[in-house]
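Trainee: Numbering (my numbering), first residue to last: 35 to 173. Glycine included, C-beta positions come from ideal geometry on N, C-alpha and C. These figures come from a predicted structure and were not determined experimentally.
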């Protein structure tokens, strides 16, 4: 998925609302709606296959509301436009992270040298602990 195309789609189609912020801004916070909330309906993102949509919904399940709507908010800045841009950037990052699939792990076995190093270190630890034992009765 193209990051720029997704950003343009988010700016044009995602529902963006503003409300009173609890962040920095002093009196500005009390009289202006600077907090930005972006609602992204995952099923409407263009360019995703059905499999990618299902993967995204499964990966982001704890963050979703009302089925498959991702809610992202920002109230870090004093400016409404900066908070809007920040919320869109966060939504973009979450979607990209949600679409990332880790490479499957290839099963490997430890090499002969690795086994030997492990056994040697075990022998050394055992010997070190045996030497901590009580000193025998010498009379």
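1) CB-CB under 6 angstroms to residue 99, same chain, minus the five flanking residues each way: which ones, in chain order?
2) Give, in chain order, every unbroken run of the alpha helix (DSSP H) that is at least 4 residues long and sits entirely within the stretch 50-116.
3) If you follow the alpha helix (DSSP H) that residue 38 is in, where does it begin and where does it stop?
4) Could you round the C-beta distance between residue 107 and residue 70 to whole angstroms and report it? I think they count as a contact, below 8 angstroms.
5) Rounding to the nearest angstrom, what Cα-Cα distance links residue 112 and residue 90 in this structure?
6) Rank 68, 49, 44 and 43 by C-alpha distance to the C-alpha of residue 55 and give the top, closest one.
7) Check residue 160 in the structure and name its three-state DSSP category.
8) Give the straight-line distance between the Cα atoms of residue 52 and residue 114, rounded to the nearest whole angstrom.
9) State yes or no: is the C-beta of residue 120 within less than 8 angstroms of the C-beta of residue 74?
10) Buried or exposed for residue 78, going by 16 or more other Cβ atoms inside 10 Å?
Mentor: In brief:
1) For residue 99, where only same-chain residues beyond five positions count, the Cβ hits under 6 angstroms are 105.
2) Runs found: 61-65 and 84-93.
3) Where residue 38 is concerned, the enclosing alpha helix (DSSP H) stretches over 37-47.
4) The Cβ separation is near 6 angstroms, so the contact holds.
5) Our two residues, residue 112 and residue 90, have alpha carbons roughly 32 angstroms apart in a direct line.
6) Residue 68 is the option with its Cα nearest to residue 55.
7) Here residue 160 sits in helix by DSSP.
8) About 8 angstroms.
9) Remark: C-beta atoms of residue 120 and residue 74 do not approach each other more closely than 8 angstroms.
10) By the neighbour-count rule (16 or more Cβ atoms within 10 Å), residue 78 is not buried but exposed.
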